[in-house]
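Data first, discussion second: the structure below is written as structure tokens.
In this note's numbering, the protein residues as written are 2 to 106.
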């Protein structure tokens, strides 16, 4: 019930005409609401996590993405269609400098 709410759940909003009305601030807006500081902290922490994730993948680059790894291009290309070969930029070359450049972008 709106009248039984605590004062901390209500917010007074002035509409510019000199009168103010009480609006319920709670529910879904309070649960899923956010502020700029929280979004900034999330973006910074996500960027740090992705940086370390990519840095740790460099040690497995040769084993998983080169022709000497788990699935060489000579075995992959006959099993894929031409659209996949055009879209997948990993299929353009199998040289290690090219793969390192792709991972560092």
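Virtual Cβ for every residue (Gly too), placed ideally from N, Cα, C.
Worksheet item: Looking at C-beta atoms only, is the number of pairs between the stretch 70 to 90 and the stretch 35 to 46 that lie closer than 8 Å three or more?
Response: no
Worksheet entry | Spatial neighbours of residue 62 in its chain, beta-carbon cut-off 7 Å, leaving aside the 5 residues before and after | 100, 101, 104
Discussion item. Rounding to the nearest angstrom, what Cα-Cα distance links residue 34 and residue 65 in this structure?
Written reply: 41 Å
Discussion item. Please report the distance separating the alpha-carbon of residue 40 from that of residue 91.
Written reply: 33 Å
Worksheet item: Helix, strand or coil: how does DSSP classify residue 89 here?
Response: coil
Worksheet item: On the three-state DSSP scale, how would you describe residue 78?
Response: helix
Worksheet item: From what residue to what residue does the alpha helix (DSSP H) around residue 50 run?
Response: 37 to 58
Item to complete: Please determine, among 36, 55, 52, 59, the residue with the shortest C-alpha to C-alpha distance to residue 97.
Response: 59
Worksheet item: In the structure shown, what three-state DSSP assignment does residue 67 receive?
Response: coil
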